[in-house]
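Chemist: Here it is, the structure in full.
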Amino acid sequence: SVVTPDSFGPAYDKWVASGFGAMPFEAEYGGAEFPWISAIAVQEMFTSACMSLSLCPLLTQGAIDAILAHGSDEQKATYLPKMMTGEWTGTMNLTEPQAGSDVGAVSTKAEPNGDGSWSITGQKIYITYGEHDLAEQILHLVLARTPGSPPGTKGISMFLVPKFLLDEDGTLGERNPASCVSIEHKLGIHGSPTCVMAFEGATGWLVGNEHDGMRNMFTMMNNARLSVGLQGLSLSERAFQQALQYAQDREQGTAIGADKGTSSPIIEHPDVRRMLMTQRAWIDAMRALVYTNAAALDRAEAAQDADEGREWRELADLLIPLSKSLCTDVVNETTSLALQIHGGMGYVEETGIAQHYRDARIAAIYEGTNGIQAADLVGRKLPMRGGGVVSDHIERMRALDPELADHPELTSIRDGLTVAIDQFEAATRWVMDHGVEDPRNALAGSSPYLRLTGQVTAGWLMAKQALAATRLLGDDGDDEFLRAKVVTARFFVEQLLPQAAGLIPAVTAGYEDLFSLSPSALTG
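For what it's worth, our numbering labels the leading residue of the sequence shown as 4, then goes sequentially.
Written out as structure tokens, the structure reads:
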């Protein structure tokens with residue numbers, strides 16, 4: 004059994020009472036049918052408050068998505084209403100000890116019971132909230148192999164395995180032999196139970212068609228990847244707020260212009276301001292990226308025209324690996340800066356800032372490592388429509404130029420963005436041309452290419468923010484919030500975006516040097 008911290012139960016009960024968990028889902032099963040972007044906004048605040056606790060409803064929402072898309076009418080009616088309220092929670096069971104990120108190597112077995120149910124046997128690892136005391140029922144979505152299934156991902160099916168079987172009246176019945184056999188001791192997210200789950204002839208039901216499990220699971224994983232990107236944003240915001248407050252409270256050294264012999268708040272020192280501005284600019288950029296991604300998903304769903312729907316879906320698909328990877332890479336940098344502002348007090352546990360630094364590290368790993376996201380970008384997203392999706396994105400970014408030209412005060416932003424887009428376009432052509440010759444060329448530079456794509460896209464979004472704020476400011480220019488948006492965007496484009504150019508040699512280097520040394524030679 005798993006006992007969560009004393010504070011988690013009351014907090015989770017308030018989450019259930021709020022109804023927020025049902026925001027983006029269908030009214031037929033208790034949802035409120037809000038756009039996904041509104042749910043993302045709530046999720047950001049929840050995650051900033053406590054990442055460990057927020058993981059439970061995050062996984063539940065992903066499971067709801069998978070059941071909505073692929074479950075039977077009976078499964079939907081039976082499980083979704085209480086999952087949407089949060090009274091029942093959900094998990095995702097992919098990884099096995101011998102398989103790691105290679106989902107095609109899973110060996111968990113599913114044998115038919117003859118009554119429409121299946122007997123599931125195997126072990127899964129890294130199962131977030133696989134066991135806990137926050138809810139009375141846990142619904143596990145488990146990938147397993149049916150008899151005679153082909154090897155690899157084509158032979159995988161998805162099964163719904165409840166913690167408790169249901170009696171005929173829908174109440175909880177006997178315990179299913181699906182149990183937590185250990186909990187991992189982790190670098191961070193200590194309040195979130197990461198379980199090793201043993202399924203020992205557990206009863207489950209097929210979700211969707213046999214052998215469609217991997218495709219079905221991706222419905223849940225794409226949802227989760229956007230939410231993991233949001234974790235990078237949320238932790239960055241939380242750490243920044245603490246660092247900003249500390250910088251105003253902590254007095255050390257004498258700032259330029261202050262009376263000699265007096266101690267100044269460290270926020271008056273230029274280098275501390277640089278660290279704070281770097282965090283602030285990246286937070287604005289990450290929020291713009293994740294929320295644009297969520298809005299694209301909403302617009303694809305709501306589109307009345309097939310071509311319009313395809314355009315928004317393609318943009319959403321392109322942005323998913325950027326949201327997931329860029330935000331979860333950057334959060335390691337922003338939380339490190341927040342810790343640095345605290346100085347020595349940041350390295351001890353008393354201030355609490357070290358927790359965010361530790362918590363952040365997992366986000367680049369789970370729901371598909373960032374290396375896998377990079378491979379997805381160059382191997383699947385870049386070739387879409389023969390490169391047309393990325394070409395459309397480049398033209399979309401270039402289309403902002405005439406609007407920026409109408410505002411001379413945004414000249415530096417316009418010039419910096421133009422240079423970055425040109426560099427990105429040239430790097431994209433190299434990856435496409437040399438990746439066709441040998442896929443290893445594209446894969447060798449895939450991670451820096453993903454960072455390049457994400458950083459230029461973020462620069463474009465920051466330029467859009469500056470333009471919108473400038474228009475709203477008008478001649479008055481007296482709104483502090485709007486002026487801050489313009490300054491932050493200028494800081495990003497002038498000081499952070501140029502770093503993207505330094506990635507190009509790694510993008511275009513090819514694979515040969517990566518494999519020119521034997522493993523023994525790598526030891527030096």
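Every residue, glycine too, gets a C-beta built ideally from N, C-alpha and C.
For Leu97, which of helix, strand or coil comes out of DSSP?
Modeler: Leu97: coil per DSSP, three-state reduction.
Chemist: If Leu146 and Ile159 are in contact, beta carbons under 8 angstroms, what's the gap, nearest whole angstrom?
Modeler: Sure, about 5 angstroms apart at Cβ, within 8 angstroms.
Chemist: Do you know offhand how far Ser528's Cα is from Ile365's?
Modeler: The displayed coordinates of the chain run from 4 to 527. Any statement about residue 528 would go beyond what the structure contains.
Chemist: Measure the C-alpha to C-alpha separation of Trp18 and Ser122 and round it to an integer number of angstroms.
Modeler: Going by the C-alpha atoms only, they are around 34 angstroms apart.
Chemist: Leaving out five residues before and five after Met491 in sequence, what residues of the same chain have Cβ atoms less than 6 angstroms from its Cβ?
Modeler: Here residue 491 turns out to be Thr, not Met, going by the sequence shown. Same-chain partners within the cutoff: Arg283, Ala284 and Asp287.
Chemist: Can you name, in chain order, every residue of its own chain whose Cβ lies under 6 angstroms from the Cβ of Gln126, other than the five neighbours on each side?
Modeler: Excluding residues within five positions, the ones whose Cβ falls inside 6 angstroms are Ala201.
Chemist: Taking the CB atoms as reference points, tell me whether Val293 and Leu385 lie closer together than 8 angstroms.
Modeler: The answer is no: Cβ separation not under 8 angstroms.
Chemist: Using the Cα positions of Val434 and Leu420, report the straight-line distance between them to the nearest angstrom.
Modeler: So the alpha carbons of these two residues sit roughly 21 angstroms apart.
Chemist: By Cβ distance below 6 angstroms, which residues in the same chain neighbour Gly312 in space, the five residues on each side in sequence not counted?
Modeler: For Gly312, where only same-chain residues beyond five positions count, the Cβ hits under 6 angstroms are Ala303 and Ala306.
Chemist: So which of Thr222, Ala14, Ser521 and Arg241 has the shortest CA-CA distance to Ala363?
Modeler: Considering only alpha carbons, the answer is Arg241.
Chemist: Can you tell which of Val164, Gly65, Ser237 and Gln140 has the C-alpha that lies nearest to the C-alpha of Lys112?
Modeler: The shortest C-alpha separation from Lys112 is found at Val164.
Chemist: State the start and end residues of the unbroken alpha helix (DSSP H) segment that holds Thr222.
Modeler: Looking at the DSSP string, the run of the alpha helix (DSSP H) that includes Thr222 is Gly216 to Asp252.
Chemist: Looking only at its chain, what residues have a beta carbon closer than 7 angstroms to the beta carbon of Trp463, apart from the 5 residues adjacent to it on each side?
Modeler: So the qualifying residues of the chain are Met400, Leu403 and Leu420.
Chemist: DSSP state of Phe28, grouped into three classes?
Modeler: DSSP places Phe28 in coil when its eight states are reduced to three.
Chemist: For Thr63 versus Gly22, is the C-beta distance shorter than 8 angstroms?
Modeler: No, these two residues do not count as a Cβ contact at 8 angstroms.
Chemist: Following the continuous alpha helix (DSSP H) through Phe494, name the residue where it begins and the one where it ends.
Modeler: Note, Phe494: alpha helix (DSSP H), Glu483 to Phe494.
Chemist: With distances taken Cα to Cα, identify the nearest neighbour of Leu58 among Leu525, Ser195 and Ser152.
Modeler: The residue with the shortest Cα to Cα distance from Leu58 is Ser195.
Chemist: To the nearest angstrom, report how far apart Glu134 and Gly34 are at their CA atoms.
Modeler: Distance between the alpha carbons of Glu134 and Gly34: 25 angstroms.
Chemist: Give the straight-line distance between the Cα atoms of Ala30 and Ala298, rounded to the nearest whole angstrom.
Modeler: Between Ala30 and Ala298, the C-alpha separation is close to 20 angstroms.
Chemist: Looking at the secondary structure, which residues open and close the beta strand (DSSP E) in which Thr131 lies?
Modeler: Residues Trp121 to Thr131.
Chemist: Tell me the rounded alpha-carbon separation between Asn227 and Phe37.
Modeler: Note on identity: in this sequence residue 227 is Ala, with Asn being the wrong assignment. Computed Cα separation, rounded: 18 angstroms.
Chemist: Should Leu503 and Ala423 be called a contact, given that it needs their Cβ atoms to be closer than 8 angstroms?
Modeler: With the sequence shown as reference, residue 503 is identified as Ala, and Leu is not the correct amino acid for it. Closer than 8 angstroms, so yes.
Chemist: Three-state secondary structure (DSSP) at Cys183?
Modeler: The answer is strand: DSSP assigns Cys183 an E or B state.
Chemist: Could you tell me the alpha carbon to alpha carbon distance between Asp215 and Lys79, rounded to whole angstroms?
Modeler: Approximately 18 angstroms, taken between the alpha carbons.
Chemist: For Leu446 and Val381, which I take to be in contact (beta-carbon distance under 8 angstroms), what is that distance rounded to the nearest angstrom?
Modeler: Yes, Leu446 and Val381 are in contact; Cβ-Cβ is about 7 angstroms, under 8 angstroms.
Chemist: Roughly how many angstroms lie between the CA atoms of Pro451 and His437, to the nearest whole one?
Modeler: Answer to the nearest angstrom: the Cα atoms are 15 angstroms apart.
Chemist: Considering only the beta carbon of each residue, do Met224 and Glu317 sit closer than 8 angstroms?
Modeler: No; because the gap between Cβ atoms is not below 8 angstroms, this pair is not in contact.
Chemist: Quick one: any contact between the segment 509–524 and the segment 467–475, if contact means 3 or more CB pairs under 8 angstroms?
Modeler: No, the segment 509–524 does not touch the segment 467–475.
Chemist: From the DSSP output, read off the bridge partner residues of Gln140.
Modeler: Looking at the DSSP assignment, Gln140 forms a beta bridge with Trp91.
Chemist: Could you tell me whether the segment 341–351 touches the segment 245–253, where touching means 3 or more Cβ pairs closer than 8 angstroms?
Modeler: Yes: the two stretches touch, three or more of their Cβ pairs being nearer than 8 angstroms.
Chemist: Name, in chain order, the residues that DSSP records as bridge partners for Ser328.
Modeler: DSSP lists no partner for Ser328.
Chemist: Near Asn373, which residues of its chain fall below 8 angstroms by C-beta distance, leaving aside the five closest residues on each side in sequence?
Modeler: The residues are Lys327, Ser328, Thr331, Asp332, Ala367, Ser450 and Leu453.
Chemist: Entirely within the segment 433–484 and at least 4 residues each: give me those alpha helix (DSSP H) ranges in chain order.
Modeler: Those alpha helix (DSSP H) runs which fall completely within the segment 433–484 and span 4+ residues are 442–447 and 449–476.
Chemist: How long is the line joining the alpha carbons of Ala471 and Glu77, rounded to whole angstroms?
Modeler: Cα to Cα, the separation comes out at about 48 angstroms.
Chemist: Less than 7 angstroms between C-beta atoms, sequence neighbours within five positions excluded: which residues of the same chain meet that for Thr98?
Modeler: Closer than 7 angstroms at Cβ, skipping near neighbours: Lys127, Ile128 and Tyr129.
Chemist: Where do the ends of the alpha helix (DSSP H) carrying Ser51 lie?
Modeler: Trp39 to Ala52 is the span of the alpha helix (DSSP H), which, as asked, contains Ser51.
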